[in-house]
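Position 119 of the sequence shown, counted from 1, bears residue number 118 in numbering that gives the first Met the number 0, the numbering being contiguous throughout.
Beneath this line is the structure, given in structure tokens, with notes to follow.
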Amino acid sequence: MVSEIAHAKLNLSLAVTGRREDGFHELVSLVHAIALADELDFEPGGPFRLICDDKTLPTDETNLVLRAALAYQKQVPFCPTGTFYLRKCIPSGAGLGGGSSDAAAALRLLNRSIPQPLSEDNLRSMAATIGSDCPFFISERAAIMRGRGERLNEIPKVSAQTLQRRRVLVVKPAFAISTPEAYGLLAQSGRYAVSADVEQSLQSWLQKPNRDPSFLGNTLEAAVFRKYIALPTALDKVSHRLGVTFRMTGSGSACFAFYPEGETSSEVESLFKELWGPRVWFCDTQLFG
Numbered sequence: 000m001v002s003e004i005a006h007a008k009l010n011l012s013l014a015v016t017g018r019r020e021d022g023f024h025e026l027v028s029l030v031h032a033i034a035l036a037d038e039l040d041f042e043p044g045g046p047f048r049l050i051c052d053d054k055t056l057p058t059d060e061t062n063l064v065l066r067a068a069l070a071y072q073k074q075v076p077f078c079p080t081g082t083f084y085l086r087k088c089i090p091s092g093a094g095l096g097g098g099s100s101d102a103a104a105a106l107r108l109l110n111r112s113i114p115q116p117l118s119e120d121n122l123r124s125m126a127a128t129i130g131s132d133c134p135f136f137i138s139e140r141a142a143i144m145r146g147r148g149e150r151l152n153e154i155p156k157v158s159a160q161t162l163q164r165r166r167v168l169v170v171k172p173a174f175a176i177s178t179p180e181a182y183g184l185l186a187q188s189g190r191y192a193v194s195a196d197v198e199q200s201l202q203s204w205l206q207k208p209n210r211d212p213s214f215l216g217n218t219l220e221a222a223v224f225r226k227y228i229a230l231p232t233a234l235d236k237v238s239h240r241l242g243v244t245f246r247m248t249g250s251g252s253a254c255f256a257f258y259p260e261g262e263t264s265s266e267v268e269s270l271f272k273e274l275w276g277p278r279v280w281f282c283d284t285q286l287f288g
């Protein structure tokens with residue numbers, strides 16, 4: 000049996016600049032992996048199948064793990080088949096990329112199981128057919144994501160070092176938000192970011208990365224917040240009472256904030272449970288890599 004860790008990600012910034020003719024959206028996003036992760040094991044033998052400890056998730060071919068395995072088999076027919084065992088820690092419908100990360104982990108596992116592994120670029124191209132943000136998870140290195148998510152440029156080392164192992168708090172209410180819904184809400188509003196302005200702001204930060212990049216914002220926030228009013232209501236109260244500024248990651252519903260080392264986060268968690276109820280999911284973690 001072989002194993003892979005599938006890390007979650009944060010969109011430290013996310014600008015959606017328009018909708019393409021193929022229905023996808025153009026985006027520019029600063030993406031970073033975090034220590035929070037799922038675990039995926041692979042045991043060769045028998046046909047592809049998936050066993051997951053989260054019984055709410057499908058384990059048929061609609062799951063991205065099996066979709067990834069079948070995509071790999073299509074390109075490498077002689078690859079081993081067998082059973083994937085998935086242990087979930089990343090919540091679904093959160094904007095943390097859990098499904099895409101699991102799929103990328105499946106590709107890496109199968110790639111480790113053949114005598115002549117495919118290149119990282121080849122795996123990324125394959126991952127792009129599975130999900131828009133799936134290519135990022137092949138290497139999990141901090142990057143600027145463009146296009147619909149398939150074009151990646153790793154950020155300069157100086158910028159990466161300012162982010163490395165920064166402490167972040169991640170919180171999610173009991174409800175989830177699907178990616179198609181979030182982008183649909185944005186499309187209805189028509190309030191897209193201006194590409195030239197986005198690139199200029201991002202390049203300014205990359206040249207002087209002495210400020211948390213979350214100030215660059217998330218274009219999806221306004222559209223999502225208009226429907227899910229519980230999000231901005233709680234975030235405003237937390238910011239006002241505790242001075243902790245949370246931003247939405249990806250399409251939500253999870254939000255994150257950079258947090259000082261040495262400070263206790265229990266008060267932050269308690270306040271969110273007071274505002275959103277006891278089913279709040281909360282994680283005190285760090286940027287990974």
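Virtual Cβ for every residue (Gly too), placed ideally from N, Cα, C.
Closest to residue i by CA distance: which of the options is it?
i       : options                            : result
Thr-178 : Tyr-258, Tyr-71, Ala-253           : Ala-253
His-24  : Arg-210, Ala-141, Ser-194          : Ser-194
Leu-234 : Asp-101, Phe-245, Leu-241          : Phe-245
Asn-110 : Cys-88, Thr-232, Lys-73, Ala-175   : Lys-73
Phe-224 : Leu-205, Gln-202, Leu-185, Gly-189 : Leu-185
Tyr-84  : Lys-54, Ile-113, Gly-148           : Lys-54
Ser-118 : Leu-63, Tyr-71, Ala-34             : Tyr-71
Arg-147 : Glu-139, Thr-128, Ser-158, Phe-255 : Thr-128
Tyr-258 : Gln-187, Thr-284, Asp-59, Ile-50   : Thr-284
Met-0   : Pro-155, Ala-105, Thr-16           : Ala-105
Tyr-191 : Gly-17, Ala-5, Phe-281, Phe-255    : Gly-17
Pro-114 : Ala-141, Asp-101, Val-75, Ser-200  : Val-75
Lys-156 : Arg-86, Ala-175, Pro-208, Ser-238  : Pro-208
Leu-241 : Leu-270, Pro-231, Glu-20, Ala-222  : Leu-270
Using a 10 Å radius around the Cβ and a threshold of 16 neighbouring Cβ atoms, would you call residue i buried or exposed?
i       : result
Lys-171 : buried
Phe-287 : buried
Met-144 : buried
Ile-228 : exposed
Asn-62  : buried
Gly-98  : buried
Ser-213 : buried
If you follow the alpha helix (DSSP H) that residue i is part of, which residue opens it and which one closes it?
i       : result
Arg-111 : 97 to 111
Ile-137 : 135 to 138
Phe-271 : 265 to 275
Ala-70  : 63 to 74
Quick one: give me the first and last residue of the beta strand (DSSP E) that residue i is part of.
i       : result
Pro-57  : Run containing Pro-57: none; DSSP gives neither H nor E here.
Pro-179 : Counting along the chain, Pro-179 falls outside any beta strand (DSSP E), though it belongs to the alpha helix (DSSP H) covering 178 to 188.
Arg-18  : 1 to 18
Gln-285 : 280 to 285
Asp-40  : 24 to 43
Leu-85  : 81 to 86
Asn-152 : 150 to 153
Ala-142 : 142 to 145
Ala-126 : Segment 119 to 127 is the alpha helix (DSSP H) holding Ala-126; no beta strand (DSSP E) there.
Q: Check whether the stretch 58 to 72 touches the stretch 129 to 140, taking contact to mean three or more Cβ pairs, one atom from each stretch, closer than 8 Å.
A: Touching, yes.
(Q) With three or more C-beta pairs closer than 8 Å as the rule, is the stretch 259 to 266 touching the stretch 218 to 233? (A) no
**Q.** Inter-stretch contact (C-beta, 8 Å, three-pair minimum) for the stretch 40 to 60 and the stretch 77 to 85
**A.** yes
(Q) Which runs of the alpha helix (DSSP H) at least 4 residues long sit entirely within the stretch 160 to 236? Give them in chain order. (A) 178 to 188, 194 to 206, 219 to 226
Q: Would you check if there are 3 or more beta carbon pairs closer than 8 Å linking the stretch 4 to 12 to the stretch 123 to 130?
A: no
Q. Is the stretch 93 to 113 close to the stretch 152 to 168, with three or more CB pairs under 8 Å?
A. By the C-beta criterion, the stretch 93 to 113 is judged not to be in contact with the stretch 152 to 168, since fewer than 3 inter-stretch pairs fall below 8 Å.
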